[in-house]
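Engineer: In my numbering, the protein residues as written are 8 to 1065. The structure is given below, and queries will be raised subsequently.
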């Protein structure tokens, strides 16, 4: 307990709290238990103190205490200072003792040591070497090393993830910068779009006010017309109530007479149904009366039958008592005879059973001895065959040497594969770096090509849409030099949209060469030098001059009729004095600019495509090299893995061959003793078999006993038959008497039931006579059929007169209703017109209100969105107050393009730059932590190697000493013989097992499992005392170690202790 035992089962309790005193009849229970052990350190030995928490120069006296509190666990103290349970366990382990020390021999430990595997016995050798604590420290250090390596792997994974996150944050920072720029452009476009919406809302509000004034005028006219038609309809409606009352009265009279006729028909049918129902009930009553009169005759016949059956029962039961008494006496006599024969049969059967049991026991013993003899002979033959087979397999050390050579060859191949794998890893890292270097130019070229392609596709689509709306316009047939688009649009304006197709309603055609046309003033360059198009258009281009804004005013008076001057920014001066500022025809100019931009983009796309293909080829080559290198590196790793498996397999084969040779030698040595034991057992079994045969021959013959038992068995069966027949006769007589009594009681009850039935039949007949008289009276009171016919003829006359009156009133009412319906339709049409006018007025009023509300809402939205009034939107959009507004579709298209570009950026992290700086700082800190962790792993590995080296040296030194003590103690206990210890199972002493080979006096060398029980116990005790002599423990306990020893071995053991 005080040495750190943590298993309550080892303390022989159901829980560790069971060591606390639980109380008795005279003493109360305690809640704590404390044990203290005082140790004096040997000044000549510093192992225990050197490994203790107090160091090599600790106190000479060590006081170790363990205190346990109920439901709270244990606490440990060393010289008054609190310590861990592991510190206490290491303290005692370094002193060659402890809770599981080999010097504390508990009950059954000798048997466990004998049956233990060699690897399990190594612990006793570690106690002798004093490295139990060293072994624990090595295990702790290895656990820390594995934890540190796992932490290093996790740290690498985290650093890799953080590096990926840092790269992603840097990309997000670039996206955030682009996002801010796009947002500024979108704000300007939204201001322009809101300005367009504001001006459109102002125009719609004015239109709605004008429409409302017209709707109010139409509503007044419709109201006057509706009032006139309503008056006419009211006059016609006043005549209708009186006519409807008269028609309703006539129809009511007709309906009343018809209902009276229907009621007469129903009354006649009801009387007929009632007469038929009464007739059916009278016939049923007559049938019931006849049935009741027949019950008297049935009762008389049943009474006569009952009297006859009672007389028969009295006659049969006169002598039944005498018959029952005689049957019972006969049954009792037969039962007494059966009991006498059963007693004789039981005695004879017991004698026969005893003789049979004796013979069966002798036969069984004889058979068991024969089976045992055959089994021993089979075991002898099996051992001889196995011994011969092992002699044939045992070929010396050739197999072990061949296995060792194969193992060395596999290790050399593994070293070559590991070198190849290292070279492949280096090549793979170089290939990945090359791929990363080629990826950036390829992605940049691909993004540039994609942007150009998207712009060209968008512009082409817009040009195609505009082109589809018109039939071969002139603007699509022109080739304009870059920069002259606005000049051409300013000079021609809407003429550019006129078709060049002769079949079109409006088209360009030829009208002479124009040789007599006036020339342009000096200083004006003809526009035909910068624009190429159809020949029919060339004359017009020659009369348009391109000048600067400064010279345009001075050349204007010199222009001939039909001539005009334009500037590159879209200004216009015409011969008749018309002047136009730049920007008045921006849509067509933008279309021409778009066409030139598309042509430019086609050239750029060719160059970008070539650059992308070149970068793609370089990147694909790098990626292919990387993939090939990865496959090569994976193949190298697989080769290393396969080589390691081969090394492990061949190492196991070599160890198995060595163990196999040792095992065969031991088994051959054990077979000789086993054959001698089996032959001795076979001789003893043959002697027992002869003795059993002689006893079987001396058993008496059982034929006479079987004959007597058969005779008694036949007599017993016959007597039991007679007794059963007598008992059945007595039971039958008693049963017949009981049946007669029960039948007499049933007949009396049946007589009473018939008397009751006759009385009820008389009462029922009286009731049926009264019912027949009542039914006859009710049938006579029903009215005759002739009265219904007279009433029906009178009602038919009244119905004809009422129908004639109702028809006349109905025709007059229909004529007046037709007049009223026509007036009502006219009034309804006027009312519908009035309603439409009112609805139109309300709709126009709502439209005017909605337009005003929309105008107000738009003003509020503009103020909320921009913080300025609508009048300042032009300045926000960069437009002059007098400048023409652009096309809303183009503004929305550009705004949609900007928004789409911003949306394509996806989710934007606006704090990406700040987060990237934080992550980079964290990554630098982790790099420092990784270096510290690698240094700690290096120190742990060096410490484990030092512990292993020290443990091997001390274990091998202790093994030699223990082996010497074991040999001398074995010879002392056995009075001769020889024994030795061997390390098996592994080349490393720290992983090897401890095997014992013993040769008691007069026997061959063999393992402990082939020794007798006493020999095994003495051998194990020799090993325990050899360890004690090598490294004496402060405490030694021997608990019932003499249990498996006989008297002679006990004397040897006591002599050894003395």
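Note that the Cβ used here is the ideal one computed from N, Cα and C, for glycine as well.
Determine the burial state of residue 298: buried for a count of at least 16 other Cβ atoms within 10 Å of its Cβ, exposed for fewer.
Structural biologist: As a first step, residue 298 is located in the chain shown; it is residue number 291 there, counting from the start. Burial call: exposed.
Engineer: On a Cα-Cα basis, can you pick out the residue from 1049, 772, 428 and 826 that is closest to residue 637?
Structural biologist: Looking up residue 637 in the chain shown gives position 630. The residue with the shortest Cα to Cα distance from residue 637 is 428.
Engineer: Find out if the Cβ-Cβ distance for the pair residue 425, residue 647 is shorter than 8 angstroms.
Structural biologist: Within the chain shown, numbered from 1, the residue matching residue 425 stands at position 418. Within the chain shown, numbered from 1, the residue matching residue 647 stands at position 640. Their beta carbons are under 8 angstroms apart, which means residue 425 touches residue 647 by this criterion.
Engineer: I'd like the span of the beta strand (DSSP E) that includes residue 118, first residue to last.
Structural biologist: In the chain shown, counting from the first residue as 1, residue 118 sits at position 111. Not the beta strand (DSSP E): residue 118 falls in the alpha helix (DSSP H), residues 116-122.
Engineer: Among 663, 720, 763 and 531, which one has its Cα closest to the Cα of residue 347?
Structural biologist: The residue you call residue 347 lines up with position 340 of the chain shown. Residue 720 is the option with its Cα nearest to residue 347.
Engineer: So if DSSP puts residue 1000 in a beta bridge, which residue, or which two residues, is it bridged to?
Structural biologist: What you label residue 1000 is simply residue 993 of the chain shown in a count that begins at 1. Beta-bridge pairing links residue 1000 to 991.
Engineer: Assuming residue 923 and residue 177 make a contact with CB atoms under 8 angstroms, what is their CB distance in whole Å?
Structural biologist: Sequence index remark: in the chain shown, residue 923 carries index 916 (1-based). Sequence index remark: in the chain shown, residue 177 carries index 170 (1-based). The pair is a contact, with the Cβ atoms about 6 angstroms apart (cut-off 8 angstroms).
Engineer: Skipping 5 residues on each side, what residues in its chain have a beta carbon closer than 6 angstroms to that of residue 844?
Structural biologist: To locate residue 844, count along the chain shown from 1; it is residue 837. Here the set comprises 225, 226 and 229.
Engineer: Based on DSSP bridge pairs, tell me the residues matched to residue 89.
Structural biologist: Taking the chain shown and counting its residues from 1, one reaches residue 89 at position 82. The partner list for residue 89 (beta bridge, DSSP) reads 84.
Engineer: From this set, 239, 315 and 847, which residue's C-alpha is nearest residue 826's C-alpha?
Structural biologist: As a first step, residue 826 is located in the chain shown; it is residue number 819 there, counting from the start. When only C-alpha atoms are compared, the closest one is 239.
Engineer: Could you check the C-alpha separation between residue 987 and residue 686 for me, to the nearest Å?
Structural biologist: Position 980 of the chain shown, counted from the start, is the residue given in the question as residue 987. Position 679 of the chain shown, counted from the start, is the residue given in the question as residue 686. If you take the alpha carbons of residue 987 and residue 686, they lie about 30 angstroms apart.
Engineer: Around the Cβ of residue 1061, are there at least 16 other Cβ atoms within 10 angstroms (buried) or fewer (exposed)?
Structural biologist: Against the chain shown, residue 1061 aligns to sequence position 1054. Exposed.
Engineer: Kindly indicate which residue of 102, 267, 989 and 769 has the alpha-carbon position closest to the one of residue 295.
Structural biologist: On the chain shown, residue 295 is found 288 positions in, with the first residue counted as 1. Taking only the C-alpha atoms, the option nearest residue 295 is 769.
Engineer: Taking the alpha carbon of residue 713 as the reference point, which residue from 723, 537 and 355 has its own alpha carbon closest?
Structural biologist: Indexing the chain shown from 1 puts residue 713 at position 706. The residue with the shortest Cα to Cα distance from residue 713 is 355.
Engineer: For residue 541, count neighbouring Cβ atoms within 10 angstroms of its own Cβ and tell me buried if that reaches 16, exposed if not.
Structural biologist: Numbered from its first residue, the chain shown carries residue 541 at position 534. Classification for residue 541: exposed.
Engineer: Based on the DSSP secondary-structure assignment, which residues constitute the bridge partners of residue 486?
Structural biologist: As a first step, residue 486 is located in the chain shown; it is residue number 479 there, counting from the start. Residue 486 is bridged to 539.
Engineer: Assuming residue 69 is part of the alpha helix (DSSP H), what are its boundary residues?
Structural biologist: Position 62 of the chain shown, counted from the start, is the residue given in the question as residue 69. It is not in any alpha helix (DSSP H) - residue 69 instead sits in the beta strand (DSSP E) that spans 68-76.
Engineer: So, for residue 320: in the same chain, excluding its five sequence neighbours on each side, which residues have a beta-carbon less than 7 angstroms away from its beta-carbon?
Structural biologist: Mapped onto the chain shown, residue 320 falls at position 313. Cβ neighbours of residue 320 beyond the five flanking positions: 747, 750 and 751.
Engineer: How about residue 779 and residue 292: do their beta carbons lie closer than 8 angstroms?
Structural biologist: Counted from its first residue, the chain shown places residue 779 at position 772. Counted from its first residue, the chain shown places residue 292 at position 285. Contact flag set, yes.
Engineer: How would you write the range of the beta strand (DSSP E) that residue 1061 sits in, first residue to last?
Structural biologist: Counting from one through the chain shown, the residue named residue 1061 turns up at place 1054. Taken as a continuous stretch (DSSP letters only), residue 1061 belongs to no beta strand (DSSP E), being part of the alpha helix (DSSP H) at 1054-1064.
Engineer: For residue 58 and residue 984, I'd like the C-alpha separation in whole angstroms.
Structural biologist: Position 51 of the chain shown holds residue 58. Position 977 of the chain shown holds residue 984. Caution is warranted here: a pLDDT of 43 is assigned to residue 58, below 50, making its placement in the model unreliable, and no coordinate value can be reported.
Engineer: Can you tell me the Cα-Cα spacing of residue 121 and residue 1018, whole angstroms?
Structural biologist: Counted from its first residue, the chain shown places residue 121 at position 114. Counted from its first residue, the chain shown places residue 1018 at position 1011. Their Cα atoms are separated by approximately 10 angstroms.
Engineer: Going by DSSP in three states, residue 104 sits in which element: helix, strand or coil?
Structural biologist: Translated into positions along the chain shown, residue 104 becomes position 97. In this structure, residue 104 counts as coil in the three-state DSSP scheme.
Engineer: May I ask you to report which of helix, strand or coil DSSP gives residue 41?
Structural biologist: The sequence position of residue 41 within the chain shown is 34, counting from 1. In the structure shown, residue 41 sits in a strand (DSSP, three-state: E or B).
Engineer: Would you tell me roughly how many angstroms separate the C-alpha atoms of residue 20 and residue 13, rounded to the nearest one?
Structural biologist: As a first step, residue 20 must be located in the chain shown, where it is residue number 13. As a first step, residue 13 must be located in the chain shown, where it is residue number 6. Their Cα atoms are separated by approximately 12 angstroms.
Engineer: Output yes or no for whether 8 angstroms exceeds the beta carbon distance between residue 41 and residue 74.
Structural biologist: Indexing the chain shown from 1 puts residue 41 at position 34. Indexing the chain shown from 1 puts residue 74 at position 67. Yes; because the gap between Cβ atoms is below 8 angstroms, this pair is in contact.
Engineer: How many Å lie between residue 595 and residue 496 at the Cα?
Structural biologist: Locating residue 595 in the chain shown gives position 588, counting from the first residue. Locating residue 496 in the chain shown gives position 489, counting from the first residue. Note that residue 595 scores a pLDDT of 47, beneath 50, so its modelled location is shaky and nothing firm can be said.
Engineer: Would you call the CB atoms of residue 851 and residue 215 closer than 8 angstroms?
Structural biologist: Locating residue 851 in the chain shown gives position 844, counting from the first residue. Locating residue 215 in the chain shown gives position 208, counting from the first residue. Their beta carbons are under 8 angstroms apart, which means residue 851 touches residue 215 by this criterion.
Engineer: Do residue 552 and residue 527 have their CB atoms nearer than 8 angstroms?
Structural biologist: Mapped onto the chain shown, residue 552 falls at position 545. Mapped onto the chain shown, residue 527 falls at position 520. Yes, the pair counts as a contact, with Cβ atoms nearer than the cut-off.
Engineer: Who does residue 551 pair with in a DSSP beta bridge?
Structural biologist: On the chain shown, position 544 is the one that residue 551 refers to. 571.
Engineer: Between residue 574 and the rest of its own chain, which residues show a CB-CB distance below 6 angstroms, the 5 nearest in sequence each way excluded?
Structural biologist: As a first step, residue 574 must be located in the chain shown, where it is residue number 567. Excluding sequence neighbours, residue 574 sits near 556.
Engineer: Should residue 895 be labelled buried (16 or more other beta-carbon atoms within 10 Å of its own) or exposed?
Structural biologist: Mapped onto the chain shown, residue 895 falls at position 888. Classification of residue 895: exposed, given that the 10 Å Cβ count is below 16.
Engineer: Please report how far the alpha carbon of residue 734 lies from the alpha carbon of residue 753, in whole angstroms.
Structural biologist: Counted from its first residue, the chain shown places residue 734 at position 727. Counted from its first residue, the chain shown places residue 753 at position 746. Distance between the alpha carbons of residue 734 and residue 753 is about 29 angstroms.
Engineer: Since residue 246 is in the beta strand (DSSP E), which residue starts that stretch and which ends it?
Structural biologist: Within the chain shown, the letter at position 239 stands for residue 246. Unbroken run through residue 246: none, as it is neither H nor E.
Engineer: Helix or strand or just coil, what does DSSP make of residue 1070?
Structural biologist: The shown model of the chain, from 8 to 1065, leaves out residue 1070, and the question about it has no answer.
Engineer: So the alpha helix (DSSP H) residue 956 belongs to, where does it begin and stop?
Structural biologist: The sequence position of residue 956 within the chain shown is 949, counting from 1. Residue 956 -> alpha helix (DSSP H) spans 919-981.
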